[in-house]
Amino acid sequence: MKGLSRKEQIKWAAASMFRKRGFKATSMRDIAAGMGMEAPSLYNHISSKQEILSELLMTIAHHYTDGMEEIKHAPLTASEKLERLIKLHVDIAVDHTDAVSLLINEWVHLEGPIADEFNALKDGYEKDFKGILAQSLKERKVPEVDVDLALFSILSTLRWLYSWYSRNPGINRIELEQQMVRLLVPR
């Protein structure tokens, strides 16, 4: 974590703890101990666990939504865009394994306006993904596939990729991207 501010170091260390223990079971004292700090010193950098969770989840959400915007507006076919989206998920899962894990269950602990903002980003992303997927299925003339079911299946696989990758870190990123595209893009 060299080169990161102390606050960033705390956030990414907390992401690992949240992944292993869960948000509720991880205390500020645990986070401080993991950083080799006293709990009161932690508050010089961070105000609460909620702040940490919010910043981690919003950072990851923006990685996805920024990637989506770039892909959505690229001069590509819908099928090429779908392939790029799958690669985006692979890249984010490989680069931010701990934080991606929080997207499975820990996002439910977000509170207030940040929870609304996160859900709006998630819903918008899924809507855009569904549009690209539907167009890709149409381009490829894939008959009788329910787009909602396909979306659920593809996103479920991609959301859990972090778990598989953390147990198989030796796989080459490019090979993983290619494998996931072959697995998830209907031919």
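So that you can map any letter, position 187 of the sequence shown is 1188 in our numbering, and since no number is skipped, the others follow by simple counting. Using N, Cα and C, we set each Cβ at its ideal position, and we do this for glycine too. Note that the structure is a prediction, hence the values are computed from the model and not measured.
Host alpha helix (DSSP H) of residue i (start-end)
i	result
V1182	1174–1185
L1152	1148–1160
Y1065	1050–1073
S1102	1098–1102
Distance, residue j Cα to residue i Cα
i	j	result
E1140	L1134	10 Å
L1162	Q1180	12 Å
D1092	R1174	7 Å
D1067	K1082	14 Å
K1088	E1178	5 Å
S1169	V1095	The question names Ser, but residue 1169 is Asn in the sequence shown. For N1169 and V1095, the distance between alpha carbons rounds to 11 Å.
E1107	F1024	6 Å
E1176	E1071	23 Å
D1147	L1185	14 Å
R1183	S1137	14 Å
Neighbourhood of residue i by C-beta, 8 Å cutoff - its chain only, sequence neighbours within 5 removed
i	result
D951	As shown, the chain starts at 1002 and ends at 1188. That puts residue 951 outside it, with no answer to give.
D1129	M1069, K1073
L1156	E1127, F1130
M1018	T1027, D1031, I1032, G1035
P1114	none
Same chain, Cβ closer than 6 Å to residue i, neighbours up to 5 away in sequence not counted
i	result
R1020	D1099, S1102
A1015	I1032, I1053
H1064	I1093
Same chain only: Cβ atoms within 7 Å of residue i, ignoring 5 sequence neighbours per side
i	result
K1012	I1053, E1056, L1057
R1007	H1046
Three-state class that DSSP yields for residue i in the structure shown
i	result
H1046	coil
L1024	It should be noted that the sequence gives Phe, not Leu, for residue 1024. If DSSP states are grouped into helix, strand and coil, F1024 belongs with coil.
P1114	helix
G1035	helix
T1078	coil
T1003	Contrary to the premise, residue 1003 reads as Lys rather than Thr in this sequence. If DSSP states are grouped into helix, strand and coil, K1003 belongs with coil.
N1120	helix
Beta carbon proximity, residue i to chain D, threshold 9 Å
i	result
L1054	Among the chains in the structure shown there is no chain D, since it carries only a single protein chain.
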